[in-house]
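Enquirer:
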Amino acid sequence: MRIGILTSGGDCPGLNAVIRGFGKYAFENIKNVELIGIADGYGGLIRGECREMRKSDFTGILTLGGTILGTSRQPFKLMTVEDENSVSRLDLMKRNYKKMGLDCLLTLGGAGTHKTAALLSAEGCNVIGLPKTIDNDIWGTDVTFGFHTAVDIATECIDRIHTTAASHGRTMLVEIMGNKAGWLTLYAGLAGGADVILLPEIPFSPEKVAKAVAKRADSGKAFSIVAIAEGAMTVEESKMKKKERAAARGNDVTATNALARYIAEKADVETRVVIPGHIQRGGSPSAYDRVLSTMFGSYAGKLAEQGKFGVTVALVNGKVTYNALSEIAGKAKLVPTDCQEVLTAESIGIALGR
Ligand code: F6P
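The opening residue of the sequence shown carries number 3 in the working numbering; numbering runs sequentially from there.
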């Protein structure tokens, strides 16, 4: 059995741990298995760039951040666009899948990767997906690998900001990744003891946020921590189309700077903005993600062994299982506005700006 492996989209801690779990399972359990590493995600499949992997490729990488295979972003909407010779990227991928002699393709990636994986599967390729992303927004799985490591990193950022905010009596806004999902901000905000948590799923009133900060200042707490998701938006912005919102923000890509200026003026406090950015995706996976990734990778090996294709690995109620790619592709798992974590935050006085 010849199996291709690719990692696609934004990287995250745990990719190599999944590759290792899969490789070790495959060499241990599947007769005459050949593993083919595809370079830079779907980019390598489009270009036909791959190499045979040996047993030694799968050792010593459990704790390694990033991906040994390389990755790239290949927008789903461009997959079926034809070039001047009427050939699409999808055509090239299907052609190279055959040329590489693959019996199965393993795709480690986020929401976009899963959409392309579902398309390849519908076009006759044998695909097994694995849910990767610090955003934790893949439908049908309790958690994605990489998420908890990013929570740990973002939490540490907030912890460190806490001490300097307290020393100076400042309001610090920490902008956290997560794209359109607020999971990372919600978890890091709760874990880091943020006073305000702002999520894309709950448009905020700047006035309410400033009031929450002023209330703390009035009660003698000179500093405040605002954990704000990169996708957070004001109530007013939430009514705008994407382009309109971008125009209204001018040079600011996110809502963070404008909110910092607003709080400074209305609550009469000193504010600072901190953007940890890609640090949240870097470095070694946490112990939790090492275990999850190993379980996900080895389970994908079992699926390949059994010839179970057109699926993606998932954790459902604490058990590793799978979902049909066709059922989860294109759906996003966002933070429900009344989930237990959100209600817990509000119940202890954390302001959500609503
Ligand atoms: O999907 C992971 C993620 O880190 C998001 O949280 C973020 O919005 C995006 O990727 C950043 O993308 P890039 O690495 O292309 O700058």
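The beta carbon of each residue, even a glycine, is placed where N, CA and C say it ideally should be. None of these values were measured; they are calculated from a predicted model.
1. Where does THR151 sit, in a helix, a strand or coil, going by DSSP?
2. Would HIS170 and ILE227 qualify as a contact pair, given that the criterion is a beta-carbon distance under 8 angstroms?
3. Compare the C-alpha of LYS321 against each of MET242, GLY114, LEU104, ASP144 and name the closest.
4. Using 8 angstroms as the Cβ pair cut-off and three pairs as the minimum, do the segment 44-57 and the segment 316-334 touch?
5. Taking ILE350 as the reference, give the member of GLU246, GLY195, LYS26 with the closest Cα.
6. Could you work out which residue in ILE32, GLN76, LYS182 is closest to CYS106 when comparing CA atoms only?
7. Tell me whether the beta-carbon of THR151 lies closer than 8 angstroms to the beta-carbon of SER288.
8. Is the distance from the Cβ of LEU200 to the Cβ of ILE160 below 8 angstroms?
9. Indicate the three-state DSSP secondary structure (helix, strand or coil) for ALA183 in the structure shown.
10. Which residue wins for smallest C-alpha separation from THR118, given the options LYS100, LYS79, GLY148?
11. Looking at the ligand F6P, does it come within less than 7 angstroms of HIS280, judged from the CB to the closest heavy atom?
12. Run the proximity test for ARG247: is its beta-carbon closer than 7 angstroms to any non-hydrogen atom belonging to the ligand F6P?
13. Going by DSSP in three states, THR273 sits in which element: helix, strand or coil?
14. Taking the alpha carbon of ALA306 as the reference point, which residue from MET174, GLU30, GLY12, ARG162 has its own alpha carbon closest?
15. Within 7 angstroms: the Cβ of GLU232 and any heavy atom of the ligand F6P?
16. Pick from ILE330, VAL337, LEU345: whose alpha carbon is nearest that of LEU132?
17. On the CB-based measure, 16 or more other CB atoms within 10 Å of its CB, does THR346 come out buried or exposed?
18. Note the first and the last residue of the continuous beta strand (DSSP E) segment covering VAL313.
19. Any contact between the segment 124-141 and the segment 168-186? By contact I mean 3 or more CB pairs, one from each, below 8 angstroms.
20. My guess is that ILE38 and LEU71 are in contact by the Cβ rule of under 8 angstroms, so how many angstroms apart are they, rounded?
21. What does the alpha-carbon distance come out to for the pair LYS245 and GLU267?
22. Please identify the residue among GLY279, LEU327, MET95, VAL337 whose C-alpha is closest to the C-alpha of ALA113.
23. Quick check on ASN98: buried or exposed, where buried means 16 or more other Cβ atoms within 10 Å of its Cβ?
24. Which first and last residues belong to the beta strand (DSSP E) in which LYS321 is found?
25. Could you tell me whether the segment 57-67 touches the segment 86-96, using the rule of 3 or more Cβ pairs below 8 angstroms?
26. Rounded to the nearest angstrom, what separates LEU122 and ALA190 at their Cα positions?
27. In whole angstroms, give me the CA-to-CA distance for MET235 and GLY285.
28. Have a look at ARG172 and ARG218 and give me their C-alpha separation to the nearest angstrom.
29. Output the boundary residues of the beta strand (DSSP E) element that contains MET297.
30. Quick one: what's got a C-beta closer than 7 angstroms to ASN128's C-beta in the same chain, skipping five residues either side?
31. Please go through the same chain and pick out, in chain order, the residues whose beta-carbon is closer than 8 angstroms to the beta-carbon of LEU354, but skip the five residues on each side of it.
32. Who are the near neighbours of MET102 in its chain, counting only those whose CB is closer than 7 angstroms to its CB and skipping five residues on each side?
33. Who are VAL228's beta bridge partners in DSSP?
34. Among ARG4, LEU8, GLY12, which has the Cα closest to the Cα of GLY279?
35. If you follow the beta strand (DSSP E) that GLY351 is part of, which residue opens it and which one closes it?
36. Can you tell me whether DSSP reads GLU54 as helix, strand or coil?
Expert: Well, looking at it:
1. Numbered from its first residue, the sequence shown carries residue 151 at position 149. The answer is helix: DSSP assigns THR151 an H, G or I state.
2. The count along the sequence shown starts at 1 and reaches residue 170 at position 168. The count along the sequence shown starts at 1 and reaches residue 227 at position 225. The answer is no: Cβ separation not under 8 angstroms.
3. Indexing the sequence shown from 1 puts residue 321 at position 319. Measuring from the Cα of LYS321, the nearest candidate turns out to be ASP144.
4. no
5. Within the sequence shown, residue 350 is the residue found at index 348, counting from 1. Scanning GLU246, GLY195, LYS26 for the CA closest to the CA of ILE350 turns up GLY195.
6. Position 104 of the sequence shown, counting from 1, holds the residue named residue 106. Closest option to CYS106, Cα to Cα, is ILE32.
7. Working through the sequence shown from its first residue, we reach residue 151 at position 149. Working through the sequence shown from its first residue, we reach residue 288 at position 286. Cβ atoms of THR151 and SER288: closer than 8 angstroms.
8. One-based indexing of the sequence shown puts residue 200 at position 198. One-based indexing of the sequence shown puts residue 160 at position 158. Against a cut-off of 8 angstroms, the Cβ pair of ILE160 and LEU200 comes out as no contact.
9. For the purposes of this step, residue 183 is taken as the residue at position 181 of the sequence shown. DSSP places ALA183 in coil when its eight states are reduced to three.
10. As a position in the sequence shown, residue 118 is number 116, starting the count at 1. Between THR118 and the set LYS100, LYS79, GLY148, the nearest pair of CA atoms involves LYS79.
11. One-based indexing of the sequence shown puts residue 280 at position 278. Correct: HIS280 has its Cβ closer than 7 angstroms to the ligand F6P.
12. Stepping through the sequence shown from its first residue, residue 247 is reached at position 245. Remark: the C-beta of ARG247 is outside contact range of the ligand F6P, defined as less than 7 angstroms to any heavy atom.
13. On the sequence shown, position 271 is the one that residue 273 refers to. Strand.
14. Against the sequence shown, residue 306 aligns to sequence position 304. Here the closest residue by C-alpha is GLU30.
15. In the sequence shown, residue 232 corresponds to position 230, counting from 1. GLU232: yes, Cβ under 7 angstroms from the ligand F6P.
16. Against the sequence shown, residue 132 aligns to sequence position 130. Nearest C-alpha to LEU132: ILE330.
17. Here residue 346 refers to the residue found at position 344 when the sequence shown is read from its first residue. That one is exposed.
18. Residue numbering aside, residue 313 sits at position 311 when the sequence shown is read from its first letter. Taken as a continuous stretch (DSSP letters only), the beta strand (DSSP E) holding VAL313 covers 313-318.
19. yes
20. Within the sequence shown, residue 38 is the residue found at index 36, counting from 1. Within the sequence shown, residue 71 is the residue found at index 69, counting from 1. Incorrect: roughly 10 angstroms between the Cβ atoms, too far for contact.
21. Translated into positions along the sequence shown, residue 245 becomes position 243. Translated into positions along the sequence shown, residue 267 becomes position 265. Looking at the two C-alpha atoms, the distance is approximately 28 angstroms.
22. Here the question's residue 113 lines up with position 111 in the sequence shown. Of the candidates GLY279, LEU327, MET95, VAL337, the one whose C-alpha sits nearest the C-alpha of ALA113 is LEU327.
23. In the sequence shown, residue 98 corresponds to position 96, counting from 1. Buried is the call here.
24. If you number the sequence shown from 1, residue 321 lands on position 319. Per DSSP, LYS321 belongs to the beta strand (DSSP E) from 321-326.
25. no
26. Counting from one through the sequence shown, the residue named residue 122 turns up at place 120. Counting from one through the sequence shown, the residue named residue 190 turns up at place 188. Taking the straight line joining both Cα atoms gives about 35 angstroms.
27. On the sequence shown, residue 235 is found 233 positions in, with the first residue counted as 1. On the sequence shown, residue 285 is found 283 positions in, with the first residue counted as 1. Cα to Cα, the separation comes out at about 29 angstroms.
28. Within the sequence shown, numbered from 1, the residue matching residue 172 stands at position 170. Within the sequence shown, numbered from 1, the residue matching residue 218 stands at position 216. Rounded to the nearest angstrom, the two C-alpha atoms are 12 angstroms apart.
29. Here the question's residue 297 lines up with position 295 in the sequence shown. Note, MET297: premise wrong, no beta strand (DSSP E); alpha helix (DSSP H) at 289-308.
30. Translated into the one-based positions of the sequence shown, residue 128 becomes position 126. Within the same chain, ASN128 has close Cβ partners ASP105, CYS106, LEU107, PHE311.
31. The residue labelled residue 354 in the question sits at position 352 within the sequence shown. Around LEU354: VAL198, ILE199, LEU200, LEU201, ILE204, PHE206, VAL344, ALA347, GLU348.
32. Position 100 of the sequence shown, counted from the first residue, corresponds to residue 102. Cβ within range, chain order: GLY6, ILE38, CYS52.
33. Numbered from its first residue, the sequence shown carries residue 228 at position 226. Paired residue(s): LEU175, VAL198.
34. Stepping through the sequence shown from its first residue, residue 279 is reached at position 277. Nearest C-alpha to GLY279: GLY12.
35. What you label residue 351 is simply residue 349 of the sequence shown in a count that begins at 1. First-last for GLY351: undefined, no H or E at that position.
36. Position 52 of the sequence shown holds residue 54. In this structure, GLU54 counts as strand in the three-state DSSP scheme.
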